Amino acid sequence: MKKYKIATIPGDGIGPEVMDAALSILRKLENGRDVSFDFIELSAGDETLKKTGSALPSETLRGIKQSDVCLFAAVGETAKDVIIPLRQGLDLYANIRPAKVYPNVPHIGKDVDLVIIRENTEDLYKRVGFQADDWGVSLRIITRQASERIARFAFELAKKEERKRVTCVHKANVLDNDIIFTEACRRVSKEYPSIEYEETIVDACAMKLILKPEHFDVVVTTNMFGDILSDEAAGLVGGLGMAPSGNIGDRYAIFEPVHGSAPDIAGRGIANPIAMVLSVVMMLKWLGELELSRILENAIVDVLKEGRVLTPDLGGKAGTKDVSEAIEEKINRKGF
Ligand code: GGG
Numbered sequence: 437m438k439k440y441k442i443a444t445i446p447g448d449g450i451g452p453e454v455m456d457a458a459l460s461i462l463r464k465l466e467n468g469r470d471v472s473f474d475f476i477e478l479s480a481g482d483e484t485l486k487k488t489g490s491a492l493p494s495e496t497l498r499g500i501k502q503s504d505v506c507l508f509a510a511v512g513e514t515a516k517d518v519i520i521p522l523r524q525g526l527d528l529y530a531n532i533r534p535a536k537v538y539p540n541v542p543h544i545g546k547d548v549d550l551v552i553i554r555e556n557t558e559d560l561y562k563r564v565g566f567q568a569d570d571w572g573v574s575l576r577i578i579t580r581q582a583s584e585r586i587a588r589f590a591f592e593l594a595k596k597e598e599r600k601r602v603t604c605v606h607k608a609n610v611l612d613n614d615i616i617f618t619e620a621c622r623r624v625s626k627e628y629p630s631i632e633y634e635e636t637i638v639d640a641c642a643m644k645l646i647l648k649p650e651h652f653d654v655v656v657t658t659n660m661f662g663d664i665l666s667d668e669a670a671g672l673v674g675g676l677g678m679a680p681s682g683n684i685g686d687r688y689a690i691f692e693p694v695h696g697s698a699p700d701i702a703g704r705g706i707a708n709p710i711a712m713v714l715s716v717v718m719m720l721k722w723l724g725e726l727e728l729s730r731i732l733e734n735a736i737v738d739v740l741k742e743g744r745v746l747t748p749d750l751g752g753k754a755g756t757k758d759v760s761e762a763i764e765e766k767i768n769r770k771g772f
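Take 437 as the starting number for the sequence shown in our numbering and just add one per residue.
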């Protein structure tokens, strides 16, 4: 029996609702299989700050380190005090953000199946700067080491997933530190001659994502550009309710939906859990549970194909729990 210790951080707003959906589905996946999940709930976020005085208590960090992997849902206003320290503190240097068109999901980008690899530890997110009453400075730190590391990660992912092209996205025509990033990507690209390599300026990339999204396969970019472009890419494939992600390092990994706590719909039971559940699919792949990840992704696809149980963001009237139950039913019915 394979046993996994999974740290869970439900967080704020719709976080606990989509986390419940994910955990209930994982329990269903355990049934009759040689795998078991031990969930360890940890706290972080706005509510945790109110209760404990810290948005990211040290027990939470310790709990993640003692687990095989972490599932994170969403936090609200305290994002910068939770997500950034987790990514940098655990050296989760690669943020994988896929954008893929699924059946029956209203979308504007046809044939989109791309993945954005966002450098996750430096750039403006280092939060090095100064602030006075009427001015502020944030240093945009880009190093050769981190750039080469993320470039290599992107090419390795392209190789593993049999993807054809890596696009390095930058603003090296204006920002000198992006020359370091592009040169690193170019150097690493030489180690992968069978994968096509190109460079695109970030503003041109933002436009081309709308005009010709099917062109993109693997996009590798710096932290801030990756944040913005991945929301744009999510917009091509049905919105943030369909956007999963993984924060990957050499020792630890945290999987989370791209969306935040969505306070406008929190507590109403109508949040789309699919971004969270697709993050579980990514987590299972990372754990090496390829068969389970395939079963789960197929169950999601089956529910979407039928188009009967969809949350309001996808044009339906179903609730979060309806969607998770429909996915569980598919897992059951297929007798996997
Ligand atoms: N899962 C990503 C996440 O929690 N992001 C935090 C965030 O964007 N917070 C702002 C908000 O919830 O409005």
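We treat Cβ as the ideally placed atom computed from N, Cα and C, and that holds for glycine. Predicted, not measured: the structure shown is a model, and the values here were computed from it.
Just the Cα atoms here: how many angstroms apart are Arg704 and Asp448? For the purposes of this step, residue 704 is taken as residue 268 along the sequence shown, with counting starting at 1. For the purposes of this step, residue 448 is taken as residue 12 along the sequence shown, with counting starting at 1. Computed Cα separation, rounded: 14 Å.
Indicate, with yes or no, if the ligand GGG has a heavy atom lying under 7 Å from the CB of Glu597. Residue numbering aside, residue 597 sits at position 161 when the sequence shown is read from its first letter. Because no heavy atom of the ligand GGG lies under 7 Å away, the Cβ of Glu597 does not count as near it: no.
Starting from the Cα of Asn467, find the closest Cα among Leu728, Asn734, Ser760 and give me that residue. Translated into positions along the sequence shown, residue 467 becomes position 31. Ranking the options by Cα distance to Asn467, first place goes to Leu728.
Spatially closest choice to Ala670 from Asn683, Lys626, Glu634, Ile710, by CA coordinates: For the purposes of this step, residue 670 is taken as residue 234 along the sequence shown, with counting starting at 1. The shortest Cα separation from Ala670 among Asn683, Lys626, Glu634, Ile710 belongs to Ile710.
Check whether the Cβ of His606 lies closer than 7 Å to any heavy atom of the ligand GGG, and answer yes or no. Taking the sequence shown and counting its residues from 1, the one referred to as residue 606 is at position 170. No, the Cβ of His606 stays beyond 7 Å of every heavy atom of the ligand GGG.
With a threshold of 8 Å, are at least 3 pairs of Cβ atoms found where one atom belongs to the region 562–570 and the other to the region 541–549? no
Within 8 Å, strictly: CB atoms of Ile553 and Phe589: Here residue 553 refers to the residue found at position 117 of the sequence shown. Here residue 589 refers to the residue found at position 153 of the sequence shown. Contact: yes.
Would you report the Cα separation of Ser666 and Ala535, rounded to the nearest angstrom? As a working note, residue 666 is residue 230 in the sequence shown. As a working note, residue 535 is residue 99 in the sequence shown. Going from the Cα of Ser666 to the Cα of Ala535 covers about 8 Å.
Could you check whether the Cβ of Glu692 sits closer than 7 Å to any heavy atom belonging to the ligand GGG? The residue labelled residue 692 in the question sits at position 256 within the sequence shown. Checking every heavy atom of the ligand GGG against the Cβ of Glu692, one is found closer than 7 Å.
Measuring only from the beta carbon, is Ile519 closer than 7 Å to any heavy atom that is part of the ligand GGG? Within the sequence shown, numbered from 1, the residue matching residue 519 stands at position 83. Within the cutoff, so yes.
Please look up how many angstroms separate the CB atoms of Asn613 and Ile578, rounded, as I've assumed it's under 8 Å. Here residue 613 is taken as the residue at index 177 of the sequence shown, counted from 1. Here residue 578 is taken as the residue at index 142 of the sequence shown, counted from 1. Confirmed, Cβ separation roughly 4 Å.
Report back the beta-carbon spacing between Ala558 and Asn683 to the nearest angstrom; my notes put them in contact at under 8 Å. Counted from its first residue, the sequence shown places residue 558 at position 122. Counted from its first residue, the sequence shown places residue 683 at position 247. Checking the sequence shown, residue 558 turns out to be Glu, not Ala. Not a contact, Cβ separation roughly 14 Å.
Within the region 514–599, note down every full beta strand (DSSP E) run reaching 3 residues or more, in order along the chain. 530–536, 549–555, 565–567, 572–574
Between Gly696 and the ligand GGG, is the CB less than 7 Å from at least one heavy atom? As a working note, residue 696 is residue 260 in the sequence shown. Yes; taking the cut-off as 7 Å, the Cβ of Gly696 has a heavy atom of the ligand GGG nearer than that.
For the ligand GGG, I want to know if Val511 counts as a neighbour, meaning its beta carbon is within less than 7 Å of at least one of the ligand's heavy atoms. To locate residue 511, count along the sequence shown from 1; it is residue 75. Checking every heavy atom of the ligand GGG against the Cβ of Val511, one is found closer than 7 Å.
By DSSP, does Ile450 sit in helix, in strand, or in coil? In the sequence shown, residue 450 corresponds to position 14, counting from 1. The answer is coil: DSSP assigns Ile450 none of H, G, I, E or B.
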